[in-house]
Every structure is written in structure tokens, then in C-alpha cells.
Amino acid sequence: GGMKNRSDVLSAVMKIFDPTGIASPFTLLAKKVVQTLCYSGLQWDDALPPEIAATMNKWINETPLLKQIGVSRWVGLTSKNQPVTLHTFADASNIGYGAVVYVVPDNSSGVYFYTAKSRVSPEKETNVDVNGSTPRLELQSCIVAIELVTYIKEYVKMNITRSIFHTDSTVVYYQIQSVNKKFKVFVSNRLNRIRLASSPEDWRHVPTDLNPADILSRGAMPSDKVAFKKFHEGPSFLRKSIDEWPPLPPP
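In the numbering used here, the protein residues as written are 316 to 566.
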């Protein structure tokens with residue numbers, strides 16, 4: 316057994332059926348390997364470089380653990396009309412970027428994982444700032460957040476009273492708030508999409524260590540139970556009143 320070539324890797328990744336994104340931190344790691352192989356110039360049946368073969372065999376060995384990371388996706392709604400708030404977290408790293416949505420029934424302390432989506436970051440992301448953060452990718456992750464929520468609003472019968480978005484990028488947080496400022500084309504096109512589907516006051520800043528999308532953007536193995544628990548349960552502040560949430564950056 317084991318991984319011998321590029322086509323083995325691709326077929327292993329394609330076998331994981333995960334429409335809700337519940338295993339997305341895990342699948343991201345393999346998608347990243349697929350991307351690396353695409354850029355490597357290896358043919359489909361060339362032998363894998365030893366370090367990639369080792370990474371993928373480790374990945375394959377963890378797939379049985381996916382059974383243990385089931386999550387109660389029952390949103391605990393007593394009726395379709397029960398009012399809920401959607402909380403969507405976005406994040407990006409040089410590995411991947413994406414967003415995760417939780418449903419919080421109003422006046423309850425329940426927080427339910429609903430859906431998540433991750434994409435592989437471009438192999439050569441040139442725009443990296445001093446903190447090693449990638450503002451363009453952070454912005455892209457916010458677009459994924461908007462897309463997920465737009466889809467839910469259109470196709471899922473839920474009584475959504477409010478939709479709140481969280482990013483751990485101060486740069487992007489301020490870009491979204493700066494309604495009258497001029498930005499370069501790449502940024503302003505994306506800010507327009509964000510502002511069409513949400514208003515600046517729907518956006519909040521969350522510290523990285525409290526951002527469950529951080530796990531989605533870096534990837535995690537199912538054996539990392541702490542990471543998956545954080546990803547599936549969302550941050551504990553969602554179970555508290557708004558005055559106990561992370562404070563907003565100064566205007």
C-alpha cells in the first residue's frame with residue numbers, strides 16, 4: 316500500500332466526501348500537497364519525493380480518525396421561525412484560507428457548527444507584510460465568509476436576525492470600516508462585494524488565538540483533538556453577552 320505517485324495522492328483526497336466542511340482542516344493539508352505536486356513538474360506516475368510520500372502516508376493513516384470527529388450538526392432549533400444569529404469567522408495563512416459559520420439561537424447559550432469552506436492559498440503569495448500576514452488572502456477569506464452566508468440566506472430556511480463576521484486581520488477590519496477611503500483595484504473590488512452583502516458594523520475583530528478559522532487556514536490532523544474541538548465548538552465568547560466579546564479596535 317502507501318502513496319506512490321501524484322495520482323495516488325489526488326485519488327486519496329477525492330475520496331473524502333465532506334459537503335459541510337467539518338473535516339476541512341484535515342482535507343486542506345492534503346490539498347496543499349496536491350498543489351505542491353502540481354508546481355513540482357512531477358508527472359502523474361513519477362515516484363513521490365520521500366518527504367511528500369511520508370507526509371501523505373501519515374495523512375492516510377489518520378483518515379480512520381475522522382469517524383471520531385462527528386459533530387452535532389442539529390442546530391437545536393425548536394422551529395424554523397426561531398430567531399438565530401450567524402457568526403462567521405474568516406482567516407488566511409500561507410497554507411490556506413477560508414471561513415466557518417456557527418448558528419447561535421437567540422437567547423440561548425447554544426453554539427452550533429454549521430458549515431465551513433477552505434481553499435488552498437496561492438503557492439507564491441507575494442504580498443506579505445511585516446508580521447508575516449497576507450492582507451490580500453485575509454480579504455479573500457472574508458469573501459469566502461460572505462459567500463457562505465449569502466448561500467445560507469438564499470437556500471436555508473432559517474430566521475436569521477443578524478449576521479456577524481469576525482476577522483483577526485486588523486488591516487482588513489479597518490479597510491472594511493473605511494467607507495470613504497480609496498483603495499487599489501484588487502482591494503476595492505473585494506470591499507465592494509463585502510459591503511454589498513454586509514454593513515461595516517456587522518464586522519468585528521477577533522484575536523487570532525480565539526479565531527476558530529485559524530485552524531481551518533493552517534490545517535489540522537484529526538488526532539489533534541484540541542484543534543478540532545475549537546473548530547467545531549467555536550470560541551466560548553459566543554456563549555456570552557456582547558459586552559464580554561473581544562473589544563473592537565479603536566475607530
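For each residue, glycine too, the CB sits at the ideal point set by N, CA and C.
Since the model is a prediction, treat every value here as computed from it, not as a measurement.
Contact fails between the region 348-366 and the region 401-420, because fewer than three Cβ pairs, one in each stretch, are under 8 angstroms apart.
The region 514-552 is shown to contain whole alpha helix (DSSP H) runs of 4 or more residues at 528-533 and 540-548, in chain order. Each residue's CA atom was taken as its position, placing A345 and G317 some 14 angstroms apart.
For K346, the uninterrupted alpha helix (DSSP H) segment begins and ends at S339 to S355.
From the listed residues W359, E377 and V328, the smallest Cα separation to S538 is found for E377. Only residues of its own chain outside the window of five on either side were considered, and among them P398, V399, T400 and T476 have a CB closer than 7 angstroms to the CB of D421, listed in chain order. Comparing alpha carbon positions, the residue from A407, Y466, H481 and R434 closest to L563 is H481.
Looking at the DSSP output, N422 shares a beta bridge with no other residue. According to the DSSP secondary-structure assignment, L401 is paired through a beta bridge with V418 and S478.
Taking C-beta atoms as the reference points, G336 and T465 fail to come closer than 8 angstroms. Between P566 and P550, the C-beta gap is not smaller than 8 angstroms, which leaves the two residues out of contact. Under the criterion of beta carbons closer than 8 angstroms, A512 and T449 do not qualify as touching, at roughly 22 angstroms. At least 8 angstroms separates the beta-carbon of T523 from that of D558. Comparing alpha-carbon positions, the option among R533, K540 and F546 lying closest to Y412 turns out to be R533.
Burial state of E469 is exposed, judged by a 10 Å Cβ sphere holding fewer than 16 other Cβ atoms. Here V328 is actually not in contact with L352; their C-beta atoms are around 11 angstroms apart, not less than 8 angstroms. Classified as buried, F546 has 16 or more neighbouring CB atoms from the shown chains inside 10 Å of its CB. Between the C-alpha atoms of W560 and A460 there is a straight-line separation of about 20 angstroms. Residue burial annotation: F428 is buried, with at least 16 other C-beta atoms found within 10 angstroms of its C-beta. Taking all protein chains in view, the Cβ of S478 is crowded by 16 or more other Cβ atoms within 10 Å, so the residue is classified as buried. Scanning its chain for C-beta atoms nearer than 8 angstroms, with the 5 sequence neighbours on each side dropped, one finds around Q383 the residues P537, in chain order. For I410, the closest alpha carbon among the candidates A542, I530 and E548 is that of I530.
Classified as buried, E453 has 16 or more neighbouring CB atoms from the shown chains inside 10 Å of its CB. Pairing Q490 with F498 gives a Cβ-Cβ distance under 8 angstroms. The beta carbon of L343 sits closer than 6 angstroms to the beta carbons of G411, S433 and G534 from its chain, once the five residues preceding and following it are set aside; these are given in chain order.
In the three-state DSSP reduction, F332 falls in the coil class, being neither helix nor strand.
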